[in-house]
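Reviewing the structure listed below.
Protein chains in written order, with my numbering: chain L, -17 to 508; chain F, -17 to 508.
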């Protein structure tokens, strides 16, 4: 292992600037605990001088156990009109009672002139006074040099002077910030190479992803000697986000062999990523490197075939290292290898090159040509395989159903479904209302089946997607319906395709119910 | 401008390997046209030897006008057991009748031994034969050196030999591939620096985003002399995706001053990004650098304040260059001017800061909060404005409608709608069947109105889209229905939102009919 790099998480502060993200104090406390377990060195909790919620967080923090991570409070240098000891923002930083304080100051002449509207000299004094004062109060002080790279472009000497002022005042680390996120990697490396020989104290890096380069820039800075990397879980942050720690931590640890978190902690990375998405109520980004659900998903037949022969052939690392796993997808691009692997996963006995394997593959391609898609509907694919293998049976017979949507002048539209099924010759007829025809049908079907299969009562639909396949035929177009169901323990997806949305939904509903009943039978038999 | 870099798009081939993405032949044709307009130099259409759908695409392509872009067909080197002239995959490449052929071959000893299971020498022969044969058939041939960087790590001499074999055989360009997407930028630069002095012909770059470095690696390769960059729109692709052309094109053009697409074409980048997401039915990634809706959205008070003082203070470039725009979250001040411009476009008289302008804006925001979207439904927005301006009237009153979907055992599901409307006190009741409840309702409504408004007979629905807004409530989720209509002369879009898909569709249908009748009245009066 090379020198240690300290991870500095700012999900709770810079991450919360992202569009659509708001964290409550209790969300923040839960995350702080989680980040501590993950081995994060510094957790930036908020900007106590900017809003009361952040101050409340720092107060509450003392009640939970954050074991190893150091908590940082964030704020700006003193205002030009205030003495440092009387500056409300600086005082709020002290009131947060954290071991670490991170203050940002201006490194770019453009910001000094056009935003602060003060002289270059005065800005250097703000930086010096603020750092110096906080050091006198026994804080570990990091100086975030805002717009450092853009500032260096405009006036390299001044950008350098700004960080040297912080160094003279006793800062423990200078954090070079690509605040607007637009700096190219080669440019960033040039600047760091020039600056680092002028600094006597360690430096860190804080980047944004506006050009899609935040991770590359962070890693390059480490290669040039940065000892601290600032970022957020899942890359949350204003505009296109901050540097994504879920990309940076595994790269440092696995690819660059740099000590930052332990291997056991790294194995929880995917879990932490999901946890933060859940708290933020953000849809998980399947494509996210390392921790996304698709990050190790193989679809092309040629890839699947190769992965079977050699795991490393289309994977840049072992997914388990970050708590992720390999997935084989089923689609029209897949070959026999995908089908066999999937059959094994579902506990079905299909031999390579057997007539059954060929039939499954040809049925699959035929259905996909009609518009079916099984990647998000593996339960329907399981049922398809069972049918080919003659292991399928019907748990009920449909005698018929009717859905009526009725509207009178300006009254609310009412949807009612009636369903008639029979199980072993015994008939059941039910009716149910719903928010729309599919919901009504779903309610009526489950109501009809519960007397025969009580476990159906635990099934809930959690997702419902409609895709018009051939939009150009207007309302007569073919539609694909994808349904996701859960029984509280497992989740499964099913699919239906038809020109009639009700028919397509019905198909997906029936598959969902059958999958559940097969699953329960299987558990009972084992 | 420095030397030109050619953009090679593989959205239609490598992009379609992404989880959850399936393109129809007509989707692919629409995209090819769009990419041509964007100034893409090469469009890879598919792998004709791997599936019939791709071959069908190449056949259909000759019917549309792709003006400047060259189309490429993709495939592998010949199989070891086949003579090149008898290899089905190579023959399929010829049958695609494209000016460009891109073939991939193995550059990594690991893949030669463990996946192809042939000798190192034999693999070099496969490469040489395949390239040589395709050159003899007058193709422009690109050689994709698969796993080049990983292969170089294992056996640098062999990796180099593999591309020199392609060079000797007459390849026009060697494309160095980071197939597993795990190569660090510094490592990639090292390898390219070593390799490029050995090559006499130009080289290109093809990267994947498994480590979040695809953009950085592509741009670094260009800095080292790559003349071709392969990638996909929105970064679609297997696992974590391919290099994202929506990040690469603006970086080349704006930040590196390299000629690739024109400034006018660059201004359409956001539009193309959305277009491809729409076709793929993929949720737009708000955070996407350059083209995402949040890419220039400011939330933090300090940022908003600074941006008002100086636009460049928290933006790395002018969003308009890629067809994007600045957004100020919470207090969006740009709203009113949009409304005014739109009103003028629709021939309505709305004064700046008038109560009407404010009411339209507040109604708009209220509806958008409920899930309405007017970008693709301007006819509904026109009707909304007419209502506020008291220029709206009803052309008919709905007395009521009923839709019945009925299914008996295995028979086809039948959907029938009855509609009762009155016009100037005269009632009309009709019934009609349809391919699904919405189609039936559409048929019945128009049938009822034709006696009063014969022009309605010419109206046809050309597009119908359903988006589930709050998927987590299952079949009870809110849906947005977008409808596109035409009367043979004009096209217009309308929208409806409800928890009941029938109600949402009804709203959009009524707006569509009203818009048509207003339009005709307007023509008559002028």
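We put the beta carbon where it would ideally sit given N, CA and C, even for glycine.
{"Check": "Beta carbon proximity, residue 109 (chain L) to chain A, threshold 8 Å", "Outcome": "Considering every chain present, this structure includes no chain A. Its protein chains are L and F."}
{"Check": "CB contact check: residue -9 (chain L) to chain F, cutoff 8 Å", "Outcome": "no"}
{"Check": "Any C-beta of chain L under 8 Å from that of residue -1 (chain F)", "Outcome": "yes"}
{"Check": "Contact set for residue 500 (chain L): own chain, Cβ-Cβ below 6 Å, skip 5 residues either direction", "Outcome": "none"}
{"Check": "Between the CA atoms of residue 142 (chain L) and residue 173 (chain L) - distance to the nearest angstrom", "Outcome": "10 Å"}
{"Check": "Residues from the segment 377 to 399 of chain F in contact with chain L, defined by Cβ distance under 7 Å", "Outcome": "380, 381, 382, 383, 384, 385, 386, 387, 388, 389, 390, 391, 395, 397"}
{"Check": "Short CB-CB distance (under 8 Å) between residue 101 (chain F) and chain L", "Outcome": "no"}
{"Check": "Buried or exposed by the 16-neighbour rule on C-beta atoms within 10 Å, applied to residue 493 (chain F)", "Outcome": "buried"}
{"Check": "Through-space distance from residue -11 (chain F) to residue 58 (chain F), alpha-carbon basis", "Outcome": "21 Å"}
{"Check": "Below-8 Å beta-carbon distance, residue 197 (chain L) vs any chain F residue", "Outcome": "yes"}
{"Check": "Residue 242 (chain F) - partner residues in DSSP beta bridges", "Outcome": "According to DSSP, which records beta bridges pairwise, residue 242 (chain F) is partnered with nothing at all."}
{"Check": "Close beta carbons around residue 439 (chain L), own chain, < 6 Å, minus the five adjacent residues each side", "Outcome": "432"}
{"Check": "Assigned secondary structure, residue 440 (chain F) (DSSP; H/G/I helix, E/B strand, else coil)", "Outcome": "helix"}
{"Check": "Closest by C-alpha distance to residue -14 (chain F), when choosing among F:231, F:263, F:370, F:332", "Outcome": "F:231"}
{"Check": "Residues of its chain near residue 3 (chain L), where Cβ-Cβ distance is below 8 Å and the 5 sequence neighbours each way are ignored", "Outcome": "-3, 218, 262, 264"}
{"Check": "Through-space distance from residue 124 (chain F) to residue 7 (chain F), alpha-carbon basis", "Outcome": "24 Å"}
{"Check": "Residue from F:205, F:269, F:178, F:29 whose Cα sits closest to the Cα of residue 191 (chain L)", "Outcome": "F:269"}
{"Check": "Helix, strand or coil at residue 257 (chain F) according to DSSP, with G and I counted as helix", "Outcome": "helix"}
{"Check": "Rounded straight-line distance, which links the Cα of residue 242 (chain L) to that of residue 460 (chain L)", "Outcome": "52 Å"}
{"Check": "Under 8 Å between C-beta atoms of residue 464 (chain F) and residue 490 (chain F)", "Outcome": "yes"}
{"Check": "Neighbour-count burial assignment, residue 309 (chain L), 16 or more Cβ in a 10 Å radius", "Outcome": "buried"}
{"Check": "For residue 390 (chain L), the first and last residue of its enclosing beta strand (DSSP E)", "Outcome": "379 to 390"}
{"Check": "Where residue -1 (chain L) falls: helix, strand or coil (DSSP)", "Outcome": "helix"}
{"Check": "Inter-residue spacing [alpha-carbon to alpha-carbon] between residue 426 (chain L) and residue 350 (chain L)", "Outcome": "29 Å"}
{"Check": "Stretch pair the segment 224 to 240 of chain F + the segment 329 to 343 of chain L: three plus CB contacts closer than 8 Å", "Outcome": "no"}
{"Check": "Delimiting residues of the beta strand (DSSP E) encompassing residue 509 (chain F)", "Outcome": "Limits of chain F in this structure are -17 at one end and 508 at the other, which puts residue 509 (chain F) out of reach."}
{"Check": "Nearest-angstrom Cα separation, counted from residue 238 (chain F) out to residue 87 (chain L)", "Outcome": "29 Å"}
{"Check": "Proximity of residue 362 (chain L) and residue 476 (chain L) at Cβ, strictly below 8 Å", "Outcome": "yes"}
{"Check": "Sheet register partners of residue 188 (chain F) (DSSP bridge)", "Outcome": "F:159, F:212"}
{"Check": "Nearest neighbour of residue 271 (chain L), chosen from L:160, L:246, L:300 [CA to CA]", "Outcome": "L:300"}
{"Check": "Sheet register partners of residue 413 (chain L) (DSSP bridge)", "Outcome": "L:400"}
{"Check": "For residue 393 (chain F), the first and last residue of its enclosing beta strand (DSSP E)", "Outcome": "Per DSSP, residue 393 (chain F) belongs to no beta strand (DSSP E) and is neither H nor E."}
{"Check": "DSSP beta-bridge partners of residue 474 (chain L)", "Outcome": "L:467"}
{"Check": "Strand pairing of residue 445 (chain L), partner residues [DSSP]", "Outcome": "L:466"}
{"Check": "Residue 155 (chain F) beta carbon less than 8 Å from that of residue 127 (chain F)", "Outcome": "no"}
{"Check": "Which residues DSSP lists as bridging residue 103 (chain L), in chain order", "Outcome": "DSSP, once it has assigned bridges, lists no residue as partnering residue 103 (chain L)."}
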